[in-house]
Amino acid sequence: MSETVRTVALLRHGKAEWNDGDDHERPLAERGRKDAPVAGRWLAGSGLLPDLVLCSTALRCRQTWKLAAAELPQRPRTVYEDRLYEASAGELIALLGEVDDEVAHLLVVGHNPGVHALADALAGEAEGDLLPRMNRSGFPTSAIAVLSFTGSWKGVEHGVARLSAFWAPHA
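Position 47 of the sequence shown, counting from 1, maps to 47 under the UniProt record's numbering, and the rest follow consecutively.
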């Protein structure tokens, strides 16, 4: 089991509306509603079909995932996780460590700066110019980073993974 190659795809929620109310309940803006299905099509086209999705309970993340999931050949098991909201890279690494080793392909739908910091922290190496390109971009809304590593989810730590893809709808 320890030699299993695992992937984690990190999807930042789509562009959200700004309002004076509760940040957790901000809905997607029109651009976010357009970009989320494109992100889903990119995931489907990449062949990265998750066994499990961890999605923030924030409205913009739930809406992003619903629109992206509709583009996949089948909807994976989804867990809505309160701890993804405003999570730091360290908190996200701790969450990854709780994932069951039956899961080979994980998708996390979350927020910046956490998802960008997590991708940067995990990426001990990267293909081509992906790491500087991801860092220059600031990890825009609806962007996806894909990282792979060998071993158990419990062994996830800084520098353990290889950044194999970075995609953004307007890049």
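Glycine included, every Cβ here is placed at the ideal spot set by N, Cα and C.
- Stretch-stretch touch, CB-based, cutoff 8 Å, three pairs: the region 3–21 with the region 146–154: yes
- Message: Check whether the region 51–65 and the region 103–115 are in contact - that is, three or more C-beta pairs closer than 8 Å.
- Response: yes
- Which two residues bound the contiguous beta strand (DSSP E) that contains ARG12? Walking along the sequence shown from the start, residue 12 turns up at place 12. Unbroken beta strand (DSSP E) run through ARG12: 5–12.
- Task: Confirm, please, whether the CB-CB distance from PRO50 to PRO76 is below 7 Å.
- Result: Here residue 76 corresponds to residue number 76 of the sequence shown, with the count starting at 1. Here residue 50 corresponds to residue number 50 of the sequence shown, with the count starting at 1. Yes, the pair counts as a contact, with Cβ atoms nearer than the cut-off.
- Task: Using only alpha-carbon positions, find the residue among GLY138, GLY114, ARG83 and ALA58 that is nearest to GLU17.
- Result: On the sequence shown, residue 17 is found 17 positions in, with the first residue counted as 1. Out of GLY138, GLY114, ARG83 and ALA58, ALA58 has the C-alpha closest to the C-alpha of GLU17.
- Message: Helix, strand or coil, according to DSSP, for THR78 in the structure here?
- Response: Here residue 78 corresponds to residue number 78 of the sequence shown, with the count starting at 1. Of the three classes helix, strand and coil, the one that applies to THR78 here is strand, per DSSP.
- With which residues is ARG133 paired in a DSSP beta bridge? Reading the sequence shown from its first residue, position 133 is the one you call residue 133. Answer by DSSP bridge pairing: none, since ARG133 is not bridged.
- When burial is assigned at 16 or more other CB atoms within 10 Å of the CB, is GLU81 buried or exposed? For the purposes of this step, residue 81 is taken as the residue at position 81 of the sequence shown. By the 10 Å Cβ count, GLU81 comes out buried.
- Item | Residues bridged to SER148 (per DSSP) | Within the sequence shown, numbered from 1, the residue matching residue 148 stands at position 148. Paired residues: THR7 and ARG162.
- Query: If you draw a straight line from the alpha carbon of TRP42 to that of LYS34, how long is it in whole angstroms?
  - Reply: Stepping through the sequence shown from its first residue, residue 42 is reached at position 42. Stepping through the sequence shown from its first residue, residue 34 is reached at position 34. Their backbone Cα atoms lie some 13 Å apart in a straight line.
- Task: Could you name the residues of the same chain whose beta carbon sits closer than 6 Å to that of GLY159, not counting the 5 residues immediately before and after it, in chain order?
- Result: Here residue 159 refers to the residue found at position 159 of the sequence shown. Answer for GLY159: GLY124, listed in chain order.
- Rounded C-alpha distance that separates GLY97 from ALA89: Sequence index remark: in the sequence shown, residue 97 carries index 97 (1-based). Sequence index remark: in the sequence shown, residue 89 carries index 89 (1-based). Taking the straight line from one Cα to the other gives about 12 Å.
- Own chain partners of ALA126 with C-beta closer than 7 Å, once the 5 adjacent residues on each side are dropped: Here residue 126 refers to the residue found at position 126 of the sequence shown. Excluding residues within five positions, the ones whose Cβ falls inside 7 Å are ARG162 and LEU163.
- Query: To the nearest angstrom, how far is it from the Cα of SER130 to the Cα of ASP120?
  - Reply: Here residue 130 refers to the residue found at position 130 when the sequence shown is read from its first residue. Here residue 120 refers to the residue found at position 120 when the sequence shown is read from its first residue. Correcting the residue identity first, residue 130 is Leu in this sequence and not Ser. Spanning the two alpha carbons is a distance of roughly 11 Å.
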